[in-house]
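Undergrad:
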Amino acid sequence: MTEEKNLNFIEEIIEADLAAGNYPSITTRFPPEPNGYLHLGHAKSICLNFGLALKYGGKTNLRFDDTNPETEEVEYVENIKQDVQWLGFQWAHELYASDYFPQLYELAVKLIKKGLAYVDDSTSEEIAEQKGTPTAPGKPNPYRQRSVEENLKLFAEMKAGNYPDGAKVLRAKIDMAHVNMLMRDPVLYRIKHAHHHRTGDAWCIYPMYDFAHGQSDSIEQITHSICTLEFVPHRELYNWLIKNLEIYPSRQYEFARLNMTYTLMSKRKLLQLVNEKVVTGWDDPRMPTLSGARRRGYPPESLREFCDKIGVAKRDNLIDMGLLEFCVREHLNKTATRRMVVFDPLKIIITNYPEEKTEMLPSENNTEREGSGVREMPFGRVLYMEKDDFMENPPKKYFRLSPGGMVRLKSAFIIKCEEVIKDANGNVTELHCTYIPESRSGHDTSGVSVKGVIHWVSAKEAVKIEVRQYEKLFVTEDMNSIEDDFKNHLNPHSLKVVTAYAEPELAKARPGEQFQFLRMGYFCLDSDSSADQLVFNRTVTLRDSK
RNA sequence: UGUCCCGUGGUGUAAUGGCAACACUGCAGAUUUUGAUUCUGCCUUUCUAGGUUCGAGUCCUAGCGGGACAACCA
């Protein structure tokens with residue numbers, strides 16, 4: 079237990095509320111709209127809302143904000159639930175704003191009866207026109223003066239389906255000259271003859287966000303309704319409705335949304351990438367979605383650690399993607415199983431090693447994880463090493479292989495490069511080496527010490543695999559600052575597919591298993607794998623201080 | 001030319017009127033059978049100007065800078 083508290087501003091509010099006895103315990107909610115997949119920004123919100131309830135012994139509801147049937151689908155509902163659970167959280171109740179449609183309708187009637195709402199026949203253009211601008215007040219229209227009886231009748235007719243889409247709306251009657259534009263008689267209900275993923279065709283009028291979200295909070299007795307900064311102006315309306323509807327006083331608090339370098343966090347734009355097949359789907363490992371992160375191999379623990387590290391505040395931020403990668407490496411370093419894979423093979427022949435011989439050499443699965451044991455790697459006369467680990471004319475501080483030089487083959491022997499074989503064009507095609515039999519790993523009596531250690535595989539037993547190497551999706555650091563089409567900023571090299579040569583043990587990889595390919599990075603088996611073609615995703619590279 | 005929100009190292013986040021700190025990044029070094037990991041050190045910080053106070057990153061005022069607000073989206 080640490081002494082210091084270091085609370086974020088929401089925790090301070092909660093602790094003050096609890097200390098003052100304002101609530102017996104807290105209730106939060108995570109309120110996604112099922113019109114897309116969850117992304118890293120949602121992870122911040124999920125960790126915040128669920129984390130707060132966990133910390134203070136409260137509970138969190140998962141509530142789908144499904145008030146716009148035109149964009150919402152069950153497919154999204156299912157994936158959102160899966161993502162929240164994958165992140166490691168369990169909701170108290172699975173709820174839907176659409177469950178409250180009957181109650182919401184009654185609340186609207188109540189507002190009408192109080193003379194605080196009216197039916198407006200204006201077109202959306204007219205309403206926008208009459209609304210004024212942030213610097214100019216709006217003007218009321220004649221519909222504002224309709225009687226309570228007429229409003230009641232008209233609203234009932236709207237519900238009954240007597241009018242086409244757009245013919246009428248229900249608006250709150252507040253103040254057309256209000257300095258806050260959201261208080262200039264906001265639209266509460268609109269007509270949409272659309273099929274809803276849960277209520278079907280039972281309704282043809284649907285509440286707007288402002289007449290659904292806060293009311294749902296009240297119905298569920300949410301104590302702390304936490305949302306992002308763009309809802310700050312809505313808070314005044316949120317409170318006005320609570321007061322005039324005389325319902326449970328939930329309170330809204332706003333924090334700054336997550337922004338990350340080289341990334342977009344807009345569901346609309348991510349949907350565009352999916353629809354236009356720029357990526358393979360919402361779960362493309364390059365996507366900043368939770369399903370993309372999962373497929374790429376980011377452990378949920380890392381995401382939670384990341385959300386913890388970035389903190390919660392009210393100022394705009396741009397978090398370095400490197401911080402997320404740090405959290406991923408930190409976790410994977412302790413958990414990932416080590417394997418050797420050569421990406422760009424250079425054949426080496428150990429000239430003093432017997433033709434027919436193969437011996438099995440043990441190598442640690444993970445020195446960072448106690449009890450993870452060893453596996454056996456076949457070693458023979460013909461091996462592959464990384465082309466990158468050989469240099470004909472090495473610079474000063476180079477300590478891998480060069481002509482006449484020595485390196486250790488990890489978990490095996492020290493070898494010396496005796497001869498460089500080239501093709502007609504002068505490209506190096508093969509290396510002839512000798513090995514030092516006394517230098518066997520763990521039994522080294524050779525007295526020779528070398529600085530370089532490289533990975534390798536036996537050519538005969540090597541397994542061919544497909545590896546997908548990912549890089550950032552966009553080349554521009556701050557994607558919020560651009561003013562042209564975001565697709566102009568796509569990274570043309572965000573995916574590179576290569577064939578690599580793996581030690582035979584890797585063929586036993588199971589879905590979800592995380593690996594470190596020695597000196598190359600962290601990888602996981604992709605769902606595109608088949609019996610005769612294993613496909614691996616590169617989760618993240620190793621830190622490289624070469 | 002309105003209202004609201006926000007200004008602390010390169011990036012984030014703390015410091016709750018009393019010695020500006022932690023993490024990431026970067027740089028340097030040690031260790032290392034992964035140029036990884038681990039360890040050590042270093043660089044760099046309170047937007048400006050007034051005011052209140054014994055004392056201001058913190059409170060007040062103004063300015064400057066950034067963001068939000070004119071969907072029958074959420």
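Numbering of the first sequence is given in our numbering, commencing with residue 79 and proceeding in unit increments. Glycine included, each C-beta is placed from N, C-alpha and C at the ideal position. Computed from a predicted structure; not experimentally measured.
1. Kindly list the residues whose CB is nearer than 7 angstroms to the CB of PHE477, restricted to its own chain and excluding five residues on each side of it in sequence; keep chain order.
2. Where does ALA290 land, buried or exposed, given buried means 16+ other C-beta within 10 angstroms?
3. Once DSSP output is grouped into helix, strand and coil, what is the label at VAL553?
4. With a threshold of 16 other CB atoms inside 10 Å of the CB of PRO371, please say whether the residue is buried or exposed.
5. Which first and last residues belong to the beta strand (DSSP E) in which HIS409 is found?
6. With respect to the beta strand (DSSP E) encompassing ALA580, which residues constitute its N-terminal and C-terminal limits?
7. For LYS251, is the classification buried or exposed, using 16 other Cβ atoms within 10 angstroms of its Cβ as the cut-off for buried?
8. Taking only three categories from DSSP, how would you classify TYR283?
9. Quick one: Cα of MET79 to Cα of ARG597, how far?
10. Between TYR241 and the rest of its own chain, which residues show a CB-CB distance below 8 angstroms, the 5 nearest in sequence each way excluded?
11. Below 8 angstroms, how does it come out for the region 85-101 and the region 305-322: are there three or more Cβ pairs, yes or no?
12. Look up ALA195 in the DSSP assignment and say whether it is helix, strand or coil.
13. Does DSSP put GLY278 in a helix, a strand or coil?
14. For GLN163, which of helix, strand or coil comes out of DSSP?
15. Which parts of the region 119-184 are runs of the alpha helix (DSSP H), unbroken and 4 residues or longer, counting only runs that do not cross its ends?
16. At the level of alpha carbons, what is the spacing between ALA245 and ALA609?
17. For the alpha helix (DSSP H) containing GLN293, name the first residue and the last one.
18. Using a Cβ-Cβ cut-off of 6 angstroms (strictly less than) and excluding sequence neighbours within five positions of PRO110, which residues of its own chain qualify?
19. From ASP622 to GLY599, what does the alpha carbon distance come to, in whole angstroms?
20. Grab me the residues of ILE560's own chain with a C-beta within less than 7 angstroms of its C-beta, minus the 5 sequence neighbours each way, in chain order.
21. Hey, out of GLU583, LYS191, TYR174 and ASN353, whose CA is closest to THR277's CA?
22. My assumption, with CB atoms under 8 angstroms, is that ARG30 sits in contact with LEU584. Please give the rounded CB distance.
23. Quick check on the burial criterion: 16 or more other C-beta atoms within 10 angstroms. Buried or exposed for LEU85?
24. Distance check for TYR284 and ASN146, CA to CA, integer angstroms please.
25. Determine, using beta carbons only, whether LEU260 and LEU315 come nearer to each other than 7 angstroms.
26. Just to confirm my understanding: we take SER489, look at its own chain, exclude 5 residues before and 5 after, and list those with CB closer than 6 angstroms. What are they?
27. Identify whether VAL531 lies in helix, strand or coil by the three-state DSSP scheme.
28. CA-CA distance, LYS494 and GLN594?
29. Just to confirm, are GLU298 and ASN139 a CB contact at a threshold of 7 angstroms?
30. Pick from ASP422, ALA414 and ASP295: whose alpha carbon is nearest that of VAL506?
31. HIS533: which of GLN163, LEU551, ILE426 and HIS571 sits nearest, CA to CA?
32. For ALA272, collect the residues of the same chain with a Cβ closer than 6 angstroms to its Cβ; drop the 5 residues on either side in sequence, then sort them by chain order.
33. Does GLU81 pass the burial test, meaning 16 or more other C-beta atoms within 10 Å, or should it be called exposed?
34. Just curious, the beta strand (DSSP E) that ILE320 is in, first and last residue?
35. Taking its Cβ as the centre, do 16 or more other Cβ atoms sit within 10 Å of GLN592, making it buried, or is it exposed?
36. Along the beta strand (DSSP E) that carries ASP423, what are the first and last residues, could you check?
TA: From the atom records:
1. Residue numbering aside, residue 477 sits at position 399 when the first sequence is read from its first letter. Excluding positions up to five away in sequence, the list reads LYS529 and GLY530.
2. The count along the first sequence starts at 1 and reaches residue 290 at position 212. Per the 10 Å Cβ criterion, buried.
3. Here residue 553 refers to the residue found at position 475 of the first sequence. Note: VAL553 maps to coil in three-state DSSP.
4. What you label residue 371 is simply residue 293 of the first sequence in a count that begins at 1. Looking at the sequence provided, one finds Ala at residue 371 rather than Pro. Classification of ALA371: buried, given that the 10 Å Cβ count is 16 or more.
5. Working through the first sequence from its first residue, we reach residue 409 at position 331. No beta strand (DSSP E) holds HIS409; the alpha helix (DSSP H) holding it covers 399-413.
6. As a working mapping, residue 580 is identified with position 502 in the first sequence. That run of the beta strand (DSSP E) goes 573-580.
7. As a position in the first sequence, residue 251 is number 173, starting the count at 1. The residue is buried, with at least 16 neighbouring Cβ atoms inside 10 Å.
8. Locating residue 283 in the first sequence gives position 205, counting from the first residue. Position check: residue 283 holds Ile in this sequence, whereas Tyr was assumed. The answer is strand: DSSP assigns ILE283 an E or B state.
9. As a first step, residue 79 is located in the first sequence; it is residue number 1 there, counting from the start. As a first step, residue 597 is located in the first sequence; it is residue number 519 there, counting from the start. Unreliable positioning characterises MET79 in this predicted model, as indicated by a pLDDT of 34, which lies under 50. A coordinate reading is not provided.
10. Taking the first residue of the first sequence as position 1, residue 241 is located at position 163. Correct list, in chain order: GLU235 and ILE269.
11. no
12. Along the first sequence, one-based indexing puts residue 195 at 117. Note: ALA195 maps to strand in three-state DSSP.
13. Sequence index remark: in the first sequence, residue 278 carries index 200 (1-based). Reduced to three states, the DSSP call for GLY278 is strand.
14. Residue numbering aside, residue 163 sits at position 85 when the first sequence is read from its first letter. The answer is helix: DSSP assigns GLN163 an H, G or I state.
15. 152-165
16. Counted from its first residue, the first sequence places residue 245 at position 167. Counted from its first residue, the first sequence places residue 609 at position 531. Answer to the nearest angstrom: the Cα atoms are 59 angstroms apart.
17. For this step, residue 293 is matched to residue 215 along the first sequence. Note, GLN293: alpha helix (DSSP H), 291-297.
18. By 1-based counting over the first sequence, the position of residue 110 is 32. Excluding positions up to five away in sequence, the list reads ILE158.
19. Taking the first residue of the first sequence as position 1, residue 622 is located at position 544. Taking the first residue of the first sequence as position 1, residue 599 is located at position 521. Whole-angstrom Cα-Cα distance: 10 angstroms.
20. Reading the first sequence from its first residue, position 482 is the one you call residue 560. The residues are THR554 and HIS567.
21. As a position in the first sequence, residue 277 is number 199, starting the count at 1. If we check each option's Cα against that of THR277, TYR174 comes out closest.
22. Lying before the first or after the last residue shown, residue 30 is absent from the chain, which here runs from 79 to 624.
23. The residue labelled residue 85 in the question sits at position 7 within the first sequence. Exposed is the call here.
24. Mapped onto the first sequence, residue 146 falls at position 68. Mapped onto the first sequence, residue 284 falls at position 206. Going from the Cα of ASN146 to the Cα of TYR284 covers about 7 angstroms.
25. Counting from 1 along the first sequence, the entry for residue 260 is found at position 182. Counting from 1 along the first sequence, the entry for residue 315 is found at position 237. Yes, Cβ-Cβ distance for LEU260 and LEU315 is below 7 angstroms.
26. Numbered from its first residue, the first sequence carries residue 489 at position 411. Same-chain partners within the cutoff: LEU439, SER441 and SER519.
27. Counting from one through the first sequence, the residue named residue 531 turns up at place 453. Strand, per DSSP.
28. As a first step, residue 494 must be located in the first sequence, where it is residue number 416. As a first step, residue 594 must be located in the first sequence, where it is residue number 516. About 27 angstroms.
29. The sequence position of residue 298 within the first sequence is 220, counting from 1. The sequence position of residue 139 within the first sequence is 61, counting from 1. It is a contact, given that the beta carbons lie within the stated cut-off.
30. The residue you call residue 506 lines up with position 428 of the first sequence. It is ASP422 whose Cα lies nearest to the Cα of VAL506.
31. For the purposes of this step, residue 533 is identified with residue 455 of the first sequence, where counting begins at 1. With distances taken between Cα atoms, HIS533 lies closest to ILE426.
32. Looking up residue 272 in the first sequence gives position 194. For ALA272, where only same-chain residues beyond five positions count, the Cβ hits under 6 angstroms are PRO147 and GLU148.
33. One-based indexing of the first sequence puts residue 81 at position 3. Confidence at GLU81 is low in this model, with a pLDDT of 44, below 50, so the placement of that residue should be treated as unreliable; the coordinate-derived value is given next. Exposed is the call here.
34. Translated into positions along the first sequence, residue 320 becomes position 242. That residue, ILE320, is in no beta strand (DSSP E); its alpha helix (DSSP H) goes 312-323.
35. In the first sequence, the residue the question calls residue 592 occupies position 514. Under this definition GLN592 is a buried residue.
36. Counted from its first residue, the first sequence places residue 423 at position 345. It is worth fixing the name first, because residue 423 is Pro in this sequence and not Asp. Run containing PRO423: 423-428, per the beta strand (DSSP E) assignment.
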